[in-house]
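Under the UniProt record's numbering, the residues of the sequence shown are numbered 1 to 151, in order.
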Amino acid sequence: MYETYTTVIGTVVSDPRHRQTSTGEPVISFRVACNSRRIDKRTQEWIDGPTLYLTVSCWRRLLTGVSQAVAKGRPVIAHGQIKTNEYVTADGERRADLEMTATAVGLDLSRCVVSFEGAPGREPSVAGTTTRPVGSEVEGAGADAQTPTAA
1 MYETYTTVIG TVVSDPRHRQ TSTGEPVISF RVACNSRRID KRTQEWIDGP TLYLTVSCWR
61 RLLTGVSQAV AKGRPVIAHG QIKTNEYVTA DGERRADLEM TATAVGLDLS RCVVSFEGAP
121 GREPSVAGTT TRPVGSEVEG AGADAQTPTA A
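Right, here's the structure in full:
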């Protein structure tokens, strides 16, 4: 089997789903939509290209961070191994779904601002992570000011 790794940049379009496998191993999965955009040379307007949808599955070390930071509507960057899952629906229809087993997931800092809390010299605590969309500056807020969590 060939291992194909890729990185996708997109928007979370489903609430993250927490579940356990039949062996009791926890996993979090969510759907991501990725669009390309380009300028139409004739009209000089932005045009959306086709949308790629895929399921991102997160295991082991990613569970804590993803459960704290990823939510529907947030901009993400995910990297991992990608594969196609083929299945048959209850109606007997054959379908295929693109799935990524993520090795890294983060918020896309070109589309949101993230602040976190952590002790100096130690890894930051994910529990204190907050985000807000880029361009939604809080008047009078300094670099370490708390901001409301973006939905």
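Ideal Cβ positions, reconstructed from N, Cα and C, are used throughout, including at glycine.
- Message: Quick check on DSSP: helix, strand or coil for E137?
- Response: Summary for E137: the model assigns pLDDT 48, below 50, so the residue's position carries little reliability; its value from the coordinates is reported in the next sentence. Three-state result, E137: coil.
- Message: Using a 10 Å radius around the Cβ and a threshold of 16 neighbouring Cβ atoms, would you call S36 buried or exposed?
- Response: exposed
- Message: On the DSSP letters alone, give me the boundaries of the alpha helix (DSSP H) that V32 sits inside.
- Response: Where V32 is concerned, there is no enclosing alpha helix (DSSP H), although the beta strand (DSSP E) it sits in stretches over 26-39.
- Message: Taking the beta strand (DSSP E) that Q20 belongs to, which residues open and close that run?
- Response: 17-20
- Item | Separation of V27 from residue 197, as counted between CA atoms | Since the first and last residues shown for the chain are 1 and 151, residue 197 lies out of range.
- Item | A69: first and last residue of the uninterrupted alpha helix (DSSP H) it sits in | 62-69
- Query: Name the DSSP beta bridge partners of R74, please?
  - Reply: R74 pairs with nothing; no bridge assigned.
- DSSP state of I82, grouped into three classes? strand
- Taking C-alpha atoms, which residue in E86, M100, R61 lies nearest to R94? E86
- Message: For T101 and V12, what's the separation of their Cα atoms in angstroms?
- Response: 15 Å
- What residues match up with D48 in a beta bridge as DSSP calls it? R37
- Query: How about V113 and V76: do their beta carbons lie closer than 8 Å?
  - Reply: no
- Query: Are the CB atoms of I9 and D108 nearer to each other than 8 Å?
  - Reply: yes
- Query: For D40, is the beta carbon positioned less than 7 Å from some heavy atom of the ligand ATP?
  - Reply: With respect to small molecules bound, the structure shown includes none, and the ligand ATP cannot be examined in it.
- Query: Identify the residues that DSSP records as bridge partners of T4: which are they?
  - Reply: Beta-bridge pairing links T4 to no other residue.
- Message: Quick check on the DSSP output: the beta strand (DSSP E) that includes A96 runs from which residue to which?
- Response: 94-107
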